[in-house]
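Student: Below is one structure. I have some questions about it.
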Amino acid sequence: MPDYRLDMVGEPCPYPAVATLEAMPQLKKGEILEVVSDCPQSINNIPLDARNHGYTVLDIQQDGPTIRYLIQK
Numbered sequence: 132m133p134d135y136r137l138d139m140v141g142e143p144c145p146y147p148a149v150a151t152l153e154a155m156p157q158l159k160k161g162e163i164l165e166v167v168s169d170c171p172q173s174i175n176n177i178p179l180d181a182r183n184h185g186y187t188v189l190d191i192q193q194d195g196p197t198i199r200y201l202i203q204k
């Protein structure tokens, strides 16, 4: 169950990845951010950026054009 939700549907890349990285420092260790995006490139950018910054990607689900990420600090 995510602690916070970041709805980036309709936002072009790279904004979903940038917004995700800007939001993560505000979380406490162990908290989970749900990111929802319909940007096709985010499937590569968001998980890679999250891992490179030391965050854990718990889940990625795609439903049509919408992609949902669960990222833990």
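In this text, residue positions in the sequence shown follow the numbering used here: the first is 132, and each later residue adds one. Cβ atoms here follow ideal geometry from the backbone N, Cα and C, with glycine treated the same way.
1. Just list the alpha helix (DSSP H) runs in the stretch 136-165, keeping only unbroken ones of 4 residues or longer that don't cross its boundaries, in chain order.
2. Go ahead and label Thr197 buried or exposed: buried means 16 or more other beta carbons lie within 10 angstroms of its beta carbon, across all protein chains shown.
3. Expressed to the nearest angstrom, what Euclidean distance is found between the alpha-carbon atoms of Val188 and Pro145?
4. What does Ile202 pair with, by DSSP beta-bridge criteria?
5. What's the C-alpha gap between Pro156 and Asp134?
Tutor: Considering the structure as presented:
1. 146-154
2. Classification for Thr197: exposed.
3. 18 Å
4. Leu164 and Val188
5. Roughly 14 Å between the two C-alpha positions.
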